[in-house]
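So for the sequence shown, this note's numbering puts the first residue at -19; every next one is plus one.
Glycine included, every Cβ here is placed at the ideal spot set by N, Cα and C.
A quick note: this is a predicted structure, and the numbers were derived from the prediction, not measured.
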Amino acid sequence: MNAAENSFEDTSTMRARMPPQGAGALILERLGHVTDPHLLFPLLAVLILIILWAATLHLIHVERAGAQGTAQTSVRKLLDTYQAQVVRALREIDQTLKVVQFTAETDGNQVALPELQDRSLLPPTLLFTVSVIDARGAVVASTAAVHPATVNDTSYFASLRDRPAANQDIWVDPPHRESKSGEWKLLFSRRMNARDGSFAGVVTETVDAAYFVSGYEPSMLGLEGVLGVLGTDGIFRARRSGDAVSAGETVDYASVVHPGSGGEDLPVFLAANPWDGVRRYTNSRELYDFPLAVIVGVSEQEQLATTSHDRRIYLERAGLASAVVILLAAILGRSSWQLLQSRRLASAAKVEYAERVEYLAYHDGLSGLPNRSLFSKILTRSIKLSRRHQRRLAVLFLDLDRFKQINDTLGHEAGDQLLQEVARRLESCLRDSDTVARLGGDEFVVLLPELGSGEYAAVVAQKILTLLAEPFVLVGQEFRVTASIGICTYPEDGQDEQTLTKHADIAMYQAKEEGKNNFQFYSEKLNANSLERLSLESSLRHALERNEFLLYYQAKRDTASGRITGMEALLRWEHPDLGIVAPMQFIPVAEETGLIVPIGKWVLKTACLQNVAWHNQGIPDLSMAVNLTARQFSDENLLADIAGILRETGMQPSLLELEITESLLINDVNKTLRIMAGLKAMGIRIAVDDFGTCYSSLSTLRQFPLDAIKIDRSFIRDVSSASIAHLHPEKPDLADAIIAMGRSLSLTVVAQGVETKEQADYLRVHACDEVQGFYYNKPLPTEQVTALLQDQKGSG
């Protein structure tokens, strides 16, 4: 609703303002509520629960911290033990390599390994394999059969061969898996030098990788603990977790082992091990004189299993105690809470009801826009501000064209949908400072404050017309709606709210008279015309009860014989002050106000009575044509009213011919067909008046049960003598085409508005069925028409 809420300050927002209070008084007031039973019991329960859970969580934390400390201590002890085992095994291996190396360098690669074995200088052959390899890479001696017999293409052989002679560090090769047994093996080797210091070969010792993790004790390490020997190259030489032994995995050495940690007690850290993702308390240590590190870890889950079990017990007990406390607090506070809640609900309902009543008092329930009352207050306030700051404003009064027709044909639901969409479009094309309101029905009003010039109001009005001209989708169909807008400005056209609204309304009616779908600015001349229209409308409301209406009749003649075949009833108003008022002046007013319905019933009944009176006077049967406006045709009581009039007057239905406009055929086809079917069931003839103005197609006419079409007078007016003489037969006019169309559909074709002999001759030549117009007879009162019919009867 744009600026409505900001402008209107005397609503609930203002009434909700409270006098300022001191901070101390506010605190005391809130503390006073704490002693209320419905608050006191929950607060005591919360306090007990806090103490209970704080004690429980503290106990859990203490036990968990103790279990973690125990796990870390255990890891450190296991690491010390494991390091000693691995170092002892490595030193034995290194000692064996040094003995074989010394013997080989002394004897020139001719090492008698069995002799060394007999002297207990070599480890058992069941676990260890010792080999001597010459400078060419050939295995010259071994405690077991080795394959391949040549190793000159291996990495360790090439590395030791290229190593300086002074470098006597032991080489630990990455693990390899034997193809036959599938077991992981570790190879340790040393370089052999000749007497001159040149490379003389390599001595190796191979051992099963499981040998270095054989000290795994499940009772201490658990099922998911870990023992491992990791090379400085990040490759595991051996690793065991539970019963699973593996080797060869690659990890980030720096993330697992801290370089330089050979003699330091590094802290035990808890993390997910990168090789299997298990969270363990892990510690590691580098080994002196060997490019290796040892790793020991125990599973967090296993180490804290007892603590976790106790934790569940503590939490269950605390939860049970909490439930008891909560239950007691709920039982004690329920009655007081229910009482307070009922009071609050009653109070909230009163507030909500008051707000709803206030909203409905100032807003339209359908569109949500401000209503007439709120708009009046906004406009009054804007006028005061404009007067104070010497500014201008504009009021735009908007009314939808032919909205009632949509409401009557599509139903009120579609009409409501249309009004909601119109409201949305109006809001979208205005400034935030502008206000749009719905006054009722299809009337909207727009306020443009802080108006710079009248041109801006015209720009906004044109913008609204353009936006509303876009199609609307109603009940699944596309419709187009236009609007008429009246504009007045402050201070030129009025100084108060009522005057501005009234003048904008007057300008809107002028826009409708100018053809609709346009906007007009207010002027004093419009005011005078509006007063004249209001006076005419007021008199029209009493004309029927004062018997001021009368009927004139215009004869329809057979084109060939010239005899009168029927009459058309034409309404006239004999105003006591204005005299005879032309239909074009009062029919539109009657249509807009709905007075056309009772007036139309009077016309139909009067015409039928007159036709019966002529019949009783011995005049041959004549058809009686009566016009139906769009408002009459859409009246839900139309069929019942016509049937009642026929019964009451005794009129033959076949002599009654109802004329409707061509536009009704294309607006709502289904409803039109239904009404026509009802009329045809009574035996009434149906004619299309002013045919040709909407250019209905032949296929359109075939859908409807028509009896006659009346050619619009505009086509008859253009008839030329050249057409009569057939001087230009290649250029047939529209009148000829309509006659041909009517003949093809077996319809009676009537030409209206015949004013000259030339036109009459043309219609006779082209076989038009009937004619009417000033050339034959003007509309005449009843007495003169009766005399005309008597003359025709006397002439035989």
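Original post:
Closest by CA to residue 279, which one among 287, 293, 250 and 744?
Top reply: In the sequence shown, the residue the question calls residue 279 occupies position 299. Nearest option by C-alpha distance: 250.
**OP:** Using a threshold of 8 Å, state whether the C-beta atoms of residue 533 and residue 550 are closer than that.
**Re:** For the purposes of this step, residue 533 is taken as residue 553 along the sequence shown, with counting starting at 1. For the purposes of this step, residue 550 is taken as residue 570 along the sequence shown, with counting starting at 1. Closer than 8 Å, so yes.
Subject >> Segment limits, alpha helix (DSSP H) that includes residue 588 >> reply: For the purposes of this step, residue 588 is identified with residue 608 of the sequence shown, where counting begins at 1. First-last of the alpha helix (DSSP H) with residue 588: 576 to 596.
**OP:** Counting only runs of 4+ residues fully inside the stretch 492 to 561, write out the alpha helix (DSSP H) ranges in chain order.
**Re:** 504 to 523
**OP:** State the DSSP-derived secondary structure class of residue 253, mapped to helix, strand or coil.
**Re:** Along the sequence shown, read from residue 1 onward, the residue named residue 253 stands at position 273. Coil.
Subject >> Through-space distance from residue 723 to residue 711, alpha-carbon basis >> reply: Stepping through the sequence shown from its first residue, residue 711 is reached at position 731. Stepping through the sequence shown from its first residue, residue 723 is reached at position 743. Model confidence at residue 711 stands at a pLDDT of 36, short of 50, so the residue's coordinates are unreliable; what they give is reported in the following sentence. Computed Cα separation, rounded: 19 Å.
Subject >> Assigned secondary structure, residue 746 (DSSP; H/G/I helix, E/B strand, else coil) >> reply: Numbered from its first residue, the sequence shown carries residue 746 at position 766. Here residue 746 sits in coil by DSSP.
Original post:
Between residue 772 and the rest of its own chain, which residues show a CB-CB distance below 8 Å, the 5 nearest in sequence each way excluded?
Top reply: If you number the sequence shown from 1, residue 772 lands on position 792. Once the five neighbours on either side are set aside, the close Cβ partners of residue 772 are 543 and 544.
Subject >> alpha helix (DSSP H) segments (min. 4 residues) lying fully within the stretch 195 to 277 >> reply: 198 to 201 and 233 to 236
Subject >> Contacting residues, own chain, Cβ-Cβ under 6 Å from residue 658 (five flanking each side not counted) >> reply: As a first step, residue 658 must be located in the sequence shown, where it is residue number 678. Here the set comprises 619.
Original post:
Going by C-alpha distance, which of 75, 318 and 111 is nearest residue 91?
Top reply: In the sequence shown, the residue the question calls residue 91 occupies position 111. Nearest C-alpha to residue 91: 111.
Original post:
beta strand (DSSP E) containing residue 111: first to last residue?
Top reply: Taking the sequence shown and counting its residues from 1, the one referred to as residue 111 is at position 131. Looking at the DSSP string, the run of the beta strand (DSSP E) that includes residue 111 is 108 to 114.
Original post:
So residue 613 is in the alpha helix (DSSP H); what residue range does that whole segment cover?
Top reply: Working through the sequence shown from its first residue, we reach residue 613 at position 633. Taken as a continuous stretch (DSSP letters only), the alpha helix (DSSP H) holding residue 613 covers 610 to 613.
Original post:
Quick one: Cα of residue 77 to Cα of residue 294, how far?
Top reply: For the purposes of this step, residue 77 is taken as residue 97 along the sequence shown, with counting starting at 1. For the purposes of this step, residue 294 is taken as residue 314 along the sequence shown, with counting starting at 1. Approximately 59 Å, taken between the alpha carbons.
Original post:
Ends of the alpha helix (DSSP H) at residue 339?
Top reply: Position 359 of the sequence shown holds residue 339. 285 to 342 is the extent of the alpha helix (DSSP H) around residue 339.
Original post:
Quick one, are the C-beta atoms of residue 483 and residue 474 less than 8 Å apart?
Top reply: The residue you call residue 483 lines up with position 503 of the sequence shown. The residue you call residue 474 lines up with position 494 of the sequence shown. Contact flag set, yes.
Subject >> CB-CB length for residue 612 against residue 580, believed under 8 Å >> reply: Here residue 612 is taken as the residue at index 632 of the sequence shown, counted from 1. Here residue 580 is taken as the residue at index 600 of the sequence shown, counted from 1. Correct: roughly 5 Å between the Cβ atoms.
Original post:
Do residue 419 and residue 425 come within 8 Å of each other at the CB atom, strictly closer than that value?
Top reply: For this step, residue 425 is matched to residue 445 along the sequence shown. For this step, residue 419 is matched to residue 439 along the sequence shown. Result yes, Cβ atoms of residue 425 and residue 419 sit closer than 8 Å.
Subject >> Sequence-distant residues of the same chain with beta carbon closer than 6 Å to residue 129, five excluded per side >> reply: Locating residue 129 in the sequence shown gives position 149, counting from the first residue. Cβ neighbours of residue 129 beyond the five flanking positions: 119.
Subject >> Where residue 633 sits in the DSSP three-state scheme >> reply: Walking along the sequence shown from the start, residue 633 turns up at place 653. DSSP places residue 633 in helix when its eight states are reduced to three.
**OP:** May I have the straight-line CA-CA distance separating residue 16 from residue 319, to the nearest angstrom?
**Re:** For the purposes of this step, residue 16 is identified with residue 36 of the sequence shown, where counting begins at 1. For the purposes of this step, residue 319 is identified with residue 339 of the sequence shown, where counting begins at 1. The straight-line gap from Cα to Cα measures roughly 12 Å.
Original post:
Using 8 Å as the threshold, is the stretch 374 to 390 in touch with the stretch 304 to 317, meaning 3 or more CB pairs across them?
Top reply: no
Original post:
When DSSP labels each residue in this structure, what does residue 156 get in the three-state scheme?
Top reply: Start at 1 with the first residue of the sequence shown, and residue 156 comes out as number 176. The answer is strand: DSSP assigns residue 156 an E or B state.
Subject >> Residue closest to residue 516, alpha-carbon to alpha-carbon, out of 472, 759 and 566 >> reply: Taking the first residue of the sequence shown as position 1, residue 516 is located at position 536. It is 566.
Subject >> Close Cβ partners of residue 143 (< 7 Å) along its chain, the five nearest in sequence each way excluded >> reply: As a working note, residue 143 is residue 163 in the sequence shown. Counting only Cβ-Cβ distances below 7 Å, and skipping sequence neighbours, we find 171.
Original post:
Which residues mark the beginning and the end of the beta strand (DSSP E) in which residue 420 is found?
Top reply: If you number the sequence shown from 1, residue 420 lands on position 440. Looking at the DSSP string, the run of the beta strand (DSSP E) that includes residue 420 is 415 to 420.
Original post:
Which residue from 592, 374, 640 and 714 puts its Cα closest to that of residue 481?
Top reply: In the sequence shown, residue 481 corresponds to position 501, counting from 1. Comparing Cα positions, the closest option is 374.
**OP:** Taking only the alpha-carbon atoms, compute the straight-line gap between residue 441 and residue 409 and give it to the nearest angstrom.
**Re:** Taking the first residue of the sequence shown as position 1, residue 441 is located at position 461. Taking the first residue of the sequence shown as position 1, residue 409 is located at position 429. For residue 441 and residue 409, the gap between their C-alpha atoms comes out near 10 Å.
Original post:
If you drop the 5 nearest sequence neighbours on each side, which residues of the same chain put their C-beta closer than 7 Å to that of residue 51?
Top reply: Counted from its first residue, the sequence shown places residue 51 at position 71. Contacts found: 261, 278 and 283.
**OP:** Verify whether the separation of the beta carbon atoms of residue 437 and residue 445 is less than 8 Å.
**Re:** Stepping through the sequence shown from its first residue, residue 437 is reached at position 457. Stepping through the sequence shown from its first residue, residue 445 is reached at position 465. Their beta carbons are not under 8 Å apart, which means residue 437 does not touch residue 445 by this criterion.
Original post:
For residue 360, does the count of other Cβ atoms within 10 angstroms reach 16, so buried, or fall short, so exposed?
Top reply: Translated into the one-based positions of the sequence shown, residue 360 becomes position 380. With fewer than 16 other Cβ atoms within 10 Å, it is exposed.
Original post:
Of the residues 368, 691 and 348, which one's Cα is nearest the Cα of residue 402?
Top reply: Position 422 of the sequence shown, counting from 1, holds the residue named residue 402. Nearest of 368, 691 and 348 to residue 402, Cα basis: 348.
**OP:** Please determine, among 730, 564 and 53, the residue with the shortest C-alpha to C-alpha distance to residue 263.
**Re:** Position 283 of the sequence shown holds residue 263. The residue with the shortest Cα to Cα distance from residue 263 is 53.
**OP:** For residue 165, name the three-state secondary structure that DSSP assigns.
**Re:** Counting from 1 along the sequence shown, the entry for residue 165 is found at position 185. It is a strand residue.
Original post:
Should residue 591 go down as buried or exposed, given a rule of 16 or more other Cβ atoms within 10 Å for buried?
Top reply: Reading the sequence shown from its first residue, position 611 is the one you call residue 591. With 16 or more other Cβ atoms within 10 Å, it is buried.
**OP:** Out of 535, 326, 38 and 621, state which residue places its alpha-carbon closest to the alpha-carbon of residue 604.
**Re:** Position 624 of the sequence shown, counted from the first residue, corresponds to residue 604. Nearest to residue 604 by C-alpha distance, out of 535, 326, 38 and 621, is 535.
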